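So for the sequence shown, the numbering used here puts the first residue at 2; every next one is plus one.
Comments concern the structure below.
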Amino acid sequence: MTERRGGPRAWRRRLLAVAVVTAAASAACGGTSGPAVAPPEVDARSVRPQGVGVLGGSLDVTLALRNLNPFPLLGESVVLGFEAEGMPVGSSSVQRPYRLPTDSVVELVVPVRFEWAGTGEALRRGLAYGELAYRIRGELGVIVEGRRVRVPFTRDGRVTVLQGLGR
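Shown next as structure tokens:
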């Protein structure tokens, strides 16, 4: 009978040794946290109706993004929740590359679908008066030093409702 080299116990010991060495090396290098990413300033610049029907429609929400970091950010996604006059209107998730240079403002247009039921009065007021109180919440997906980072944002303000459909 031949003796097997590296039975289950030896295998477990090797695996444990690899885990300990990996953890020690990671701790010595400061882990993989990388630089802290300051959340960009995010404002809604305008809201434009893009298609309005009997049941609802879509709005183009123009976001102004300002990068406050000392390094540029390469963005890849935007997740946005939009409220008007204290009522949830809709949300959107956009997968599209964008670049945020250091200390400059970039505008992104994010489409938001809505239904009149539940939000109709707030949107009608905005269309009638040309302005809405809003709250936006979401997160930007950016790449920093080769890693994907989710940067949350929340902002309240007032936004102009641009009249007319289309651009």
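C-beta atoms are modelled at their ideal positions from N, C-alpha and C, and glycine is treated no differently.
In this text the structure is predicted, and so the values were computed from the model without any measurement.
> Where DSSP assigns a beta bridge to residue 135, which residues make up the other side?
Replying inline: 85 and 158
> Is DSSP giving residue 123 helix, strand or coil here?
Replying inline: helix
>> Checking the sheet assignment: what are the DSSP bridge partners for residue 45?
In response: 64
> Rounded to the nearest angstrom, how far is the Cβ of residue 85 from that of residue 133, given a contact under 8 Å?
Replying inline: 5 Å
> Between the C-alpha atoms of residue 147 and residue 94, what's the straight-line distance to the nearest angstrom?
Replying inline: 22 Å
> Is residue 98 buried or exposed, if buried means 16 or more other CB atoms sit within 10 Å of its CB?
Replying inline: exposed
>> Tell me the DSSP secondary structure of residue 109 in three-state form.
In response: strand
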